[in-house]
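Only one structure is covered here, and it is reproduced in the block below.
Numbering (this note's numbering), first residue to last: 4 to 1145.
And the structure:
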């Protein structure tokens, strides 16, 4: 009767949930056994079906307090009635899983001591003990409650119950192990366990269960024991005892059998976390903390940092592993800017207004100055000993265009190979250039080797490196195998006696160049490289930069790694410590010293423009640890790499481990591959950078680097991360180049601009290349102006020419983001092309373009900073001309345009993104920022034009790689000094963007499942221009003539868009998540003490099964209760709803 009445009442419950509150109130106060059992039955039925919202609603109405109070009441009688207590404890464990403050509530109501007392009384009565253990596990989800239980002797009680392997009472054993793991999340409990010698006992128990559980029926018990060890090793004393007890060797040996399969993933994953945590901490194998190169910063004196003694012994976990109760009370720092006045305010000029006059010369279009451009840094035909090919004249970047194939018949290649000089592989640069014109570089020139340079010793270079050189040939390309070692492809230095021979090699190489690489000419590149200034004073050219690159005639899919490869790599790292006998540990290359010439060792080299590799250490015959050079005048930012490797064997997998990366995650875990360029492949007519590598992983390692924080008091070392990949080289004795992403050097950019200037039709296109400023290193920073020439000199046409709106585009403020330069390359080539759409676009806008904001960083192989050691994209608020000249003068030019009433209608800063897929924009919006932060927006005070969303929406339709849903328009406090935010706030540019291009690939659209290549990146640059044209037609004022001209052009683009949509729909069965599902489900970070077992899925399984079990069922019949091999994924969070939704 009561049950039926309660059910009827609950089905008609009012929105305020009065029926549920009556049940809970009655449960706390009633002494009638039948009433209590009926209420528990009703609650169990209600909470066992449906979604989690019922549990959350019950908790919001005081369900946790009611159940806890009922337990206390039922246990206080002289003879507790377990007919009431057992279902009550089961329901309590179920509700407690979803209540984050359940442990604190239990402590306040006295349920901790009550439940612990019940457990002690039933230590030999396992049917009654198991629900008590479930309740203790839920209590311990609060570290404060868990600590109190530990003080009251809960751990000692649990260790009395845990037994070695047995098939009896396995459900109780599993419950006690999981309760113990929950208690050990408290660091005080972990230290108490260490002091009582429980580490050795847990290791013995785990070994016993592992040895006897050959059928893997009790995976959860074994995993529970591992979780206990994992939590104990969160404290330093626990790790020390674990290592002294040979725990590293024990777990390493026991996990070997489960590395290849999936059935033991819960075991292997937890072992992996323990091994990584307890792995002996080591310093990076590098003698210095900062970059190998240095540069005196104007107005700053800094002593070099030395490695603090013993810094690598610091226990980072002690700071990272916070007690959960502290974390519960700490609010998350919100980075969003919530000060509406600051968002609306416009700062004053950061310089005297009189200084803006100097930028007038950078706007010749406003004065209608159609004179010939300056020849300040121009490379003329006198510098070049070859003419341009016609293929450079009419190439429009489009990924769907026909592929250009180099015409190099194989027999011609063989014949030419036989004619090549066999004297050397690194050859002089200057001997191939015209000598009748002196070098224009004021700081460094290219010298003949027989005449040593005065500054040849600068940057640590050897005196015999007196000329720039090239490393183009592999041994296989030389017919005579009897070449002397100093003349082989692995020679790292030019020789003063090889001047004539090397000149012949350069001449013959240039004769062999296919000549159909669009907008690339080796002679232009060599001429520009001779003028480029670097801190190390580079004298060697990288072959790919000289020879050029064409995208391969095929797309490359996102890499799918095999299951378990990441943990297998980690186990190999652990194997080094446990069994170090096969470790060679010899230096193969050192930027600070000499290289190894051992016959069975790869040869490395990185002393060329944009190169970055500091040290290579051979650890096994075919495995090398690599260390990257940090940014100059900096001790961090290790991501970009670009180096040469040679002397390899064919059909042999080589493993490379870059061990000092510093970002916590990477797209290398989600399908990205590094790129490789083969010299032999290029000489055979395939000059391609291609994605290579397998078994690619990115994870935190056991190395620490305190360089980034050593100067700050109270700070300690940072963890390093490993990027590891395997490569099989295509040829024996080849010369290959490996890089993080498709390289694009400063000299390549400058020679590209020279080619564009040579091929531009100046009768129709207004193209000016000026020098915005010189960098700290002495390199010119080019400024381009592009628009259409006026149709005539009549006043109307001249007025139309001057009044065109401005668009400002900048790129490569971060040197390691080379994809930004490829996108900019596509933009420039499209704008200067003969395409009718480009011609219309030039009539619509005046483009101010700075293709490389950080030339010095690009030249010297930096990842993020300039020579001043600063991130230039965090200096826009108050740039200084002495330290950040490119930012200072770019901002000054924007100030000048603003003072003339010519604010750009669009400003875009091209970047690359290492942790997301696709291409997307970041913009700025006051309202979206305030809404996202939960602030109230007064429409009378905050008014905003939503036109900032128009361009991203257009790009989402016309650009295959672009994804609107990845765009963001929030203004963060940490970004207030970036170009995007400063230009938006100070210059009032509504459409101020950062365009981020992925280093990896796409998760949506036409290129879904593919890695982006240079063709797709250049296409994105061209499509951005198309988006600007559509923006002009949709949102900006334009003439009827422009509208009529655009009508037919846009129809063609609509057809392309329809084709993209059709191809996209054909792939609709593929995964649509941003990250692919093949990544290992392992917590490789281990930076917090939250675990995958925190969802209490095991407890929920047991509590749901118990009501259906017969009361007399024996423990032996429940022996298979632990066969589930992994935690279930957590469900999505649901908002609280009223009782009417039940």
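Quick reminder that beta carbons are idealized off the backbone N, C-alpha and C, glycines included. Everything numeric in this text was worked out from a predicted model, so none of it was measured.
Legend entry - Buried or exposed by the 16-neighbour rule on C-beta atoms within 10 Å, applied to residue 223: Burial of residue 223 is indicated by the presence of at least 16 other C-beta atoms within 10 angstroms of its C-beta.
Legend entry - Buried or exposed by the 16-neighbour rule on C-beta atoms within 10 Å, applied to residue 22: With 16 or more neighbouring CB atoms inside 10 Å of its own CB, residue 22 falls in the buried class.
Inset, instruction - Take residue 349 and list the residues in its own chain whose beta-carbon comes closer than 8 Å to its own, dropping the five residues that flank it on each side. - result: Within the same chain, residue 349 has close Cβ partners 988, 989 and 991.
Legend entry - Run of the beta strand (DSSP E) containing residue 771, from where it starts to where it stops: Its beta strand (DSSP E) spans residues 768 to 777.
Inset, instruction - State yes or no: is the C-beta of residue 562 within less than 9 Å of the C-beta of residue 694? - result: Result yes, Cβ atoms of residue 562 and residue 694 sit closer than 9 Å.
Inset, instruction - Give the range of the alpha helix (DSSP H) segment to which residue 873 is assigned. - result: For residue 873, there is no enclosing alpha helix (DSSP H), as DSSP marks it with neither H nor E.
Inset, instruction - Could you say which of 182, 105, 903 and 864 lies nearest to residue 538 if we only look at CA atoms? - result: Taking only the C-alpha atoms, the option nearest residue 538 is 864.
Inset, instruction - Say whether the segment 852 to 860 touches the segment 790 to 797, bearing in mind that this needs 3 or more beta-carbon pairs closer than 8 Å, one atom from each stretch. - result: Not touching, per the Cβ criterion.
Legend entry - Helix, strand or coil at residue 858 according to DSSP, with G and I counted as helix: Residue 858: helix per DSSP, three-state reduction.
Inset, instruction - May I have a chain-ordered list of the alpha helix (DSSP H) segments no shorter than 4 residues that lie completely inside the segment 255 to 301? - result: Every alpha helix (DSSP H) stretch that sits fully inside the segment 255 to 301 and reaches 4 residues is listed by chain position as 268 to 281.
Inset, instruction - Report the rounded CA-to-CA distance for residue 918 versus residue 206, giving the unit in angstroms. - result: Computed Cα separation, rounded: 39 Å.
Inset, instruction - Tell me, to the nearest whole angstrom, how far the beta carbon of residue 235 is from that of residue 197; I am working on the premise that it is less than 8 Å. - result: Indeed they touch by this definition, with Cβ atoms about 6 Å apart.
Inset, instruction - Would you decide whether residue 426 is buried or exposed? Buried here means 16 or more other CB atoms lie within 10 Å of its CB. - result: The predicted model places residue 426 with a pLDDT of 31, which falls under 50 and marks its position as unreliable; any figure quoted below should be read in that light. The residue in question, residue 426, is buried, as its Cβ has 16 or more Cβ neighbours within 10 Å.
Legend entry - Touching by the beta-carbon criterion (3+ pairs, under 8 Å), the segment 697 to 705 and the segment 1019 to 1038: Judged by Cβ distances under 8 Å, the segment 697 to 705 makes no contact with the segment 1019 to 1038, as fewer than three pairs qualify.
Inset, instruction - Give the DSSP bridge partners of residue 998, in chain order. - result: Answer by DSSP bridge pairing, in chain order: 913 and 924.
Legend entry - Span separating the alpha-carbon of residue 610 from that of residue 585: Computed Cα separation, rounded: 31 Å.
Legend entry - For residue 748, the three-state DSSP class (helix, strand or coil): Of the three classes helix, strand and coil, the one that applies to residue 748 here is coil, per DSSP.
Inset, instruction - Have a look at the DSSP bridge pairing and note the partners of residue 721. - result: DSSP lists 708 as the beta-bridge partner residues of residue 721.
Inset, instruction - Just grab the DSSP bridge partners of residue 692 for me. - result: 680, per the DSSP bridge assignment.
Inset, instruction - Kindly indicate the opening and closing residues of the beta strand (DSSP E) around residue 656. - result: Segment 656 to 664, the beta strand (DSSP E) holding residue 656.
Inset, instruction - Output the distance between the C-alpha atoms of residue 593 and residue 894, rounded to the nearest integer angstrom. - result: Using only the alpha carbons, I get a separation of about 40 Å.
Inset, instruction - Could you tell me whether any non-hydrogen atom of the ligand MG is closer than 8 Å to the CB of residue 667? - result: The ligand MG is not part of this structure, which contains no ligands at all.
Legend entry - Option in 650, 635 and 28 with minimal Cα separation from residue 605: That would be 650, whose Cα lies nearest to the Cα of residue 605.
Inset, instruction - Give the DSSP-derived three-state secondary structure of residue 1146 in the structure shown. - result: Because the chain spans 4 through 1145 in this model, residue 1146 falls outside it and cannot be assessed.
Legend entry - Sequence-distant residues of the same chain with beta carbon closer than 8 Å to residue 202, five excluded per side: Result list for residue 202: 196, 232, 235, 241, 244, 245, 248 and 250, in chain order.
Inset, instruction - Give the C-beta separation of residue 998 and residue 891 to the nearest angstrom, bearing in mind that I take them to be a contact with Cβ-Cβ under 8 Å. - result: Going by Cβ atoms, the distance from residue 998 to residue 891 rounds to 23 Å, so no, they are not a contact pair.
Inset, instruction - Return the CA-CA distance between residue 740 and residue 961, expressed in angstroms with no decimal places. - result: One Cα belongs to residue 740, the other to residue 961, and the distance between them is close to 35 Å.
Inset, instruction - Return the CA-CA distance between residue 976 and residue 345, expressed in angstroms with no decimal places. - result: Looking at the two C-alpha atoms, the distance is approximately 11 Å.
Legend entry - Nearest candidate by alpha-carbon position, reference residue 957, set 915, 1004 and 1023: Nearest option by C-alpha distance: 1023.
Legend entry - Under the three-state DSSP convention, the category residue 615 falls into: Three-state result, residue 615: strand.
Legend entry - Residue burial classification, residue 745 (beta-carbon count within 10 angstroms, cutoff 16): Classification for residue 745: buried.
Legend entry - Environment of residue 183 [buried if 16+ CB atoms lie within 10 Å]: Residue burial annotation: residue 183 is buried, with at least 16 other C-beta atoms found within 10 angstroms of its C-beta.
Inset, instruction - Return the Cβ separation of residue 932 and residue 870 in integer angstroms, given the expectation that the two are a contact with Cβ distance under 8 Å. - result: At roughly 34 Å, the Cβ-Cβ gap does not stay under 8 Å, so residue 932 and residue 870 are not in contact.
Inset, instruction - Please check the pair residue 71 and residue 122, which I expect to be a contact at CB under 8 Å, by giving their CB distance rounded to whole angstroms. - result: That belief does not hold up - the Cβ atoms of residue 71 and residue 122 are roughly 16 Å apart, past 8 Å.
Inset, instruction - Go to residue 95, then tell me how far its alpha helix (DSSP H) extends in each direction, as first and last residue. - result: That run of the alpha helix (DSSP H) goes 85 to 99.
Legend entry - C-alpha distance - residue 212 paired with residue 87, whole-angstrom precision: Straight-line Cα distance between these residues: approximately 35 Å.
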